[in-house]
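For the sequence shown, numbering that gives the first Met the number 0 begins at 0 and goes up steadily by one. The beta carbon of each residue, even a glycine, is placed where N, CA and C say it ideally should be. For reference, the structure discussed in these notes is given below.
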Amino acid sequence: MTQDPFQRITELRKELEYHNKLYYTDAAPEVSDQRYDQLIAELATLEREHPQYQSPHSPTHRVGGAPIEGFKTIAHAQPMLSIDNTYDQQELTAWHQRVVSGLGLPTDLWGHATIECVAEPKIDGVAISLRYEAGILVQALTRGNGVEGDDITTNVKTVRNIPLKLEGDPPAVLEVRGEIYMPHASFEAINQKRRDQGLELFANPRNATAGTLKQKDSKAVAQRKLMCFAHGRGVIEPDTFETYYNYLQTIKSYGLPVNDNVKCCNTIDEVWQFVEEFSKKRTTLAYDTDGVVVKVNNFLAHESLGATAKAPRWCIAYKFPAEQVQTRLKQITWQVGKGGTVTPVAELDPVFVAGTTVRRATLHNMDEISRKDIRVGDRVLVEKAGEIIPQVVSVVLADRPAHAVPTKAPEICPSCKEPVIQEEGETALRCVNLQCPAQVREKLIWFAGRGQMDIDGLGEKVVHQLADVDLLKSFGDVYKLKDHASQILTLERFGQTKLDNLLAGIEQSKQRGLAKILGALGIRHVGTTAARILAQHFGEIVAIQLASVEELADFQVMGNKSGIGPQIAQSLHDFLASDAGKQIITDLQTTGVNLTEEKILQPVDSPFAGKTLVITGSFDNYDRRELTSQLQGFGAKVSSSVSKKTHLVIAGQAAGSKLSKAQELGIEVWDEAKLTEALALIC
Ligand code: IVH
Numbered sequence: 000m001t002q003d004p005f006q007r008i009t010e011l012r013k014e015l016e017y018h019n020k021l022y023y024t025d026a027a028p029e030v031s032d033q034r035y036d037q038l039i040a041e042l043a044t045l046e047r048e049h050p051q052y053q054s055p056h057s058p059t060h061r062v063g064g065a066p067i068e069g070f071k072t073i074a075h076a077q078p079m080l081s082i083d084n085t086y087d088q089q090e091l092t093a094w095h096q097r098v099v100s101g102l103g104l105p106t107d108l109w110g111h112a113t114i115e116c117v118a119e120p121k122i123d124g125v126a127i128s129l130r131y132e133a134g135i136l137v138q139a140l141t142r143g144n145g146v147e148g149d150d151i152t153t154n155v156k157t158v159r160n161i162p163l164k165l166e167g168d169p170p171a172v173l174e175v176r177g178e179i180y181m182p183h184a185s186f187e188a189i190n191q192k193r194r195d196q197g198l199e200l201f202a203n204p205r206n207a208t209a210g211t212l213k214q215k216d217s218k219a220v221a222q223r224k225l226m227c228f229a230h231g232r233g234v235i236e237p238d239t240f241e242t243y244y245n246y247l248q249t250i251k252s253y254g255l256p257v258n259d260n261v262k263c264c265n266t267i268d269e270v271w272q273f274v275e276e277f278s279k280k281r282t283t284l285a286y287d288t289d290g291v292v293v294k295v296n297n298f299l300a301h302e303s304l305g306a307t308a309k310a311p312r313w314c315i316a317y318k319f320p321a322e323q324v325q326t327r328l329k330q331i332t333w334q335v336g337k338g339g340t341v342t343p344v345a346e347l348d349p350v351f352v353a354g355t356t357v358r359r360a361t362l363h364n365m366d367e368i369s370r371k372d373i374r375v376g377d378r379v380l381v382e383k384a385g386e387i388i389p390q391v392v393s394v395v396l397a398d399r400p401a402h403a404v405p406t407k408a409p410e411i412c413p414s415c416k417e418p419v420i421q422e423e424g425e426t427a428l429r430c431v432n433l434q435c436p437a438q439v440r441e442k443l444i445w446f447a448g449r450g451q452m453d454i455d456g457l458g459e460k461v462v463h464q465l466a467d468v469d470l471l472k473s474f475g476d477v478y479k480l481k482d483h484a485s486q487i488l489t490l491e492r493f494g495q496t497k498l499d500n501l502l503a504g505i506e507q508s509k510q511r512g513l514a515k516i517l518g519a520l521g522i523r524h525v526g527t528t529a530a531r532i533l534a535q536h537f538g539e540i541v542a543i544q545l546a547s548v549e550e551l552a553d554f555q556v557m558g559n560k561s562g563i564g565p566q567i568a569q570s571l572h573d574f575l576a577s578d579a580g581k582q583i584i585t586d587l588q589t590t591g592v593n594l595t596e597e598k599i600l601q602p603v604d605s606p607f608a609g610k611t612l613v614i615t616g617s618f619d620n621y622d623r624r625e626l627t628s629q630l631q632g633f634g635a636k637v638s639s640s641v642s643k644k645t646h647l648v649i650a651g652q653a654a655g656s657k658l659s660k661a662q663e664l665g666i667e668v669w670d671e672a673k674l675t676e677a678l679a680l681i682c
């Protein structure tokens, strides 16, 4: 079937954004890296073939997703880029050739060139940036969206092989980048404990690591036995390092953890030999790896090769193909999500794949089932690339039982039995009954969850327990639980302390403010970002209730379009105008939930909105990192290198090559005084 390229591009962008969010923000990916990379590759090809559809917002330009909510967000002194991936030996060789020609290196009679590269394991964990000042660990940031990340210093300090104080004579400022991971033994022990407590299991060590690092209680983190390997660098002052290999050896002497399986290679054949050897060795290691990272050794060569929008050119990851196994599809169940989407789930004969036992796998939607012709009773091929939720890749047709019949889409909702619908242009089936019990429960779980109302003590299990006895049927019911204390105390595993904690958590959540509430209600299309923008602009729920669809869609934030399109505006407006929506808001108001938002910034014309800036040198009155996030708050995109696309360079004292480059390119340059003046006008 051929499809209009623009339509496919739009679809892919939407899908990738969705997976991106799941991966980077929620740490709960639904597809394998390989699948994600396939989609990215398809999009990149289409964008290349149809340059008229290129967009600066395309996921192909993106470095990552938004930071996790709940921790202080801080700008990286140097962005944390991603790496290009390949699953193909030829592409690895092509990368090597690009490096050779990019550096203008000579080749021999056979076209071979010698360039020192370091090959090392790709650790399947969570990226971290560790900042040491005068040898002391002062900050640990997650990668976040690559430009800014979350300050998780307290949690990282519990990672046992990360030194809090360096040995020897380290540079005054040393930013080490690396990977935090969970060894298999810790992972098994944690899941065993969770199984005993009836808690949901972590899908794999990477998810467990991400989940652990997001914990607010660092004592709990300490019990999880996380580990780290250093594999990169950020800012170093003074910087005397010439090669990556030497850098690794030196930081090892400071006490930092460096992987043993690191090899200096002179040719791409040597690199490939390492890949082959390591692909066998990795199965014996105590932690997960998902590939080999190859880096040019010389740091000057890094500078001259530079980076694309997404990844440096001096580095590539060869990723191992996903492990696939066969099992039997016992049944297909249909699950109702918080937005009413009815999703098929494969119930499988348990099978061990890539480190964990798989019992269930999402089948995404009916189209996917029809396309793969998946039938109950089939033998199916299941894939899991380390950190992912398993996928049913295909059916083994030769083994299909004679009685297997094509799968039919349900006509009614499995929970409330009302008819399900399929909207035009959508693949998903949807239950539109707002009172649907399954949907209500999912909405309540979302409402109470981290990033939304963040109600301590009201996790998934407790929501089910309370909903089972009809104490939770709506958002408003959450705030009426205190009137049912004696009944709650009769529930299994509910003592006075647990109840007190729950009620205290609920009470605290009343003050989260309008942005959190709007995002927590699970209104279709109204995500966390839209909720924050709307709350900031309108300030109180009444103003939003009174606004027309046009007013909701058409306002400016600091001289730029707000980003709230007609789809979000219409959906929000419909919700607030509906009887159910009105009832929800009234319930929340009468139970004392704060439905206002403090305005942080007045919408003013920011001279930085939509501008690409480079900050260089040092300032008397500004910390570079704080300045970066402040300017980003005013709508600027802060970049680390000067190019023709740079609008403005802010140069402090001792600004070096970036300032000269800006002058060469005729780019506007501001000094500290000019910056202060501009900030005074808008702050
Ligand atoms: S180098 C400019 N080396 O993989 C980026 N990354 O898929 C330099 N990772 O974000 C990264 N092991 O967190 C590098 N030996 C290794 C790695 C590694 C794991 C992670 C890293 C990166 C991600 C990209």
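Who are the Cβ neighbours of residue i in its own chain at under 7 Å, not counting the five residues just before and after it?
i, result
"residue 606", "677"
"residue 300", "102 and 313"
"residue 263", "115, 117, 244 and 296"
"residue 526", "518"
So residue i packs on residue j, CB below 8 Å; how close in whole Å?
i, j, result
"residue 331", "residue 344", "7 Å"
"residue 462", "residue 470", "Contact flag wrong, Cβ pair sits at about 10 Å."
"residue 233", "residue 77", "5 Å"
"residue 568", "residue 552", "4 Å"
"residue 585", "residue 538", "Not quite, the Cβ-Cβ distance comes to about 19 Å (not below 8 Å), so this is no contact."
"residue 323", "residue 30", "About 15 Å; that fails the 8 Å criterion."
"residue 288", "residue 123", "6 Å"
Below 7 Å, is the gap between the Cβ of residue i and the nearest heavy atom of the ligand NAP?
i, result
"residue 638", "The ligand NAP is not among the ligands present in this structure, which contains only the ligand IVH."
Identify the continuous beta strand (DSSP E) that holds residue i and give its terminal residues.
i, result
"residue 390", "390 to 394"
"residue 337", "Looking at the DSSP string, residue 337 is not in any beta strand (DSSP E), and its letter there is neither H nor E."
"residue 613", "611 to 615"
"residue 138", "135 to 141"
"residue 416", "Residue 416 -> no beta strand (DSSP E), and no H or E assigned at all."
"residue 380", "378 to 383"
"residue 638", "636 to 638"
"residue 648", "647 to 650"
Might you give, ordered along the chain, the residues of its own chain that have their beta carbon closer than 8 Å to the beta carbon of residue i, omitting 5 neighbours on each side?
i, result
"residue 601", "Model confidence at residue 601 stands at a pLDDT of 46, short of 50, so the residue's coordinates are unreliable; what they give is reported in the following sentence. The answer is none, since no qualifying residue turns up."
"residue 66", "Summary for residue 66: the model assigns pLDDT 38, below 50, so the residue's position carries little reliability; its value from the coordinates is reported in the next sentence. Excluding residues within five positions, the ones whose Cβ falls inside 8 Å are 24, 72, 141, 143, 144, 147, 148 and 149."
"residue 16", "58"
"residue 242", "115, 296, 297 and 298"
"residue 491", "464"
"residue 403", "374, 375, 376 and 377"
Got a sec? Which residues, its chain only, sit under 6 Å from residue i by beta carbon, not counting five neighbours each side?
i, result
"residue 135", "164"
"residue 661", "641, 648 and 668"
"residue 61", "Caution is warranted here: a pLDDT of 44 is assigned to residue 61, below 50, making its placement in the model unreliable, and no coordinate value can be reported."
"residue 184", "none"
"residue 267", "92 and 95"
"residue 618", "651 and 671"
"residue 49", "4"
"residue 177", "127, 227, 228, 229 and 230"
"residue 152", "138 and 139"
"residue 543", "537"
"residue 8", "45 and 52"
Which residues mark the beginning and the end of the alpha helix (DSSP H) in which residue i is found?
i, result
"residue 465", "459 to 467"
"residue 35", "32 to 48"
"residue 570", "565 to 576"
"residue 302", "298 to 304"
"residue 85", "Taken as a continuous stretch (DSSP letters only), residue 85 belongs to no alpha helix (DSSP H), being part of the beta strand (DSSP E) at 83 to 85."
"residue 205", "204 to 212"
"residue 663", "656 to 664"
Practice task
Return the chain-ordered ranges of every alpha helix (DSSP H) run that is complete within the segment 222 to 292 and spans a minimum of 4 residues.
Solution key: Qualifying alpha helix (DSSP H) stretches, in chain order: 243 to 252 and 267 to 280.
Problem - beta strand (DSSP E) runs contained entirely in the segment 97 to 132, provided each spans 3 or more residues - result: Counting whole runs of 3 or more residues, the segment 97 to 132 contains the beta strand (DSSP E) stretches 116 to 122 and 125 to 132.
Handout entry: In chain order, each alpha helix (DSSP H) run of at least 4 residues that lies wholly inside the segment 476 to 548
Key = Fully enclosed alpha helix (DSSP H) runs of 4 or longer: 484 to 488, 495 to 508, 513 to 519, 527 to 537 and 540 to 545.
Problem - Inside the segment 306 to 370 only - beta strand (DSSP E) runs reaching at least 3 residues - result: Taking only runs of at least 3 residues, the beta strand (DSSP E) segments lying wholly in the segment 306 to 370 are 314 to 318, 322 to 335, 340 to 352 and 355 to 361.
Practice task
Report the residue ranges of all alpha helix (DSSP H) runs contained in full by the segment 156 to 198; include only those spanning at least 4 residues, in chain order.
Solution key: Runs of the alpha helix (DSSP H) inside the segment 156 to 198: 183 to 195.
Handout entry: beta strand (DSSP E) runs wholly inside the segment 426 to 461, at least 3 long, in chain order
Key = For the segment 426 to 461, whole beta strand (DSSP E) runs of length 3 or above, ordered along the chain, are 428 to 430.
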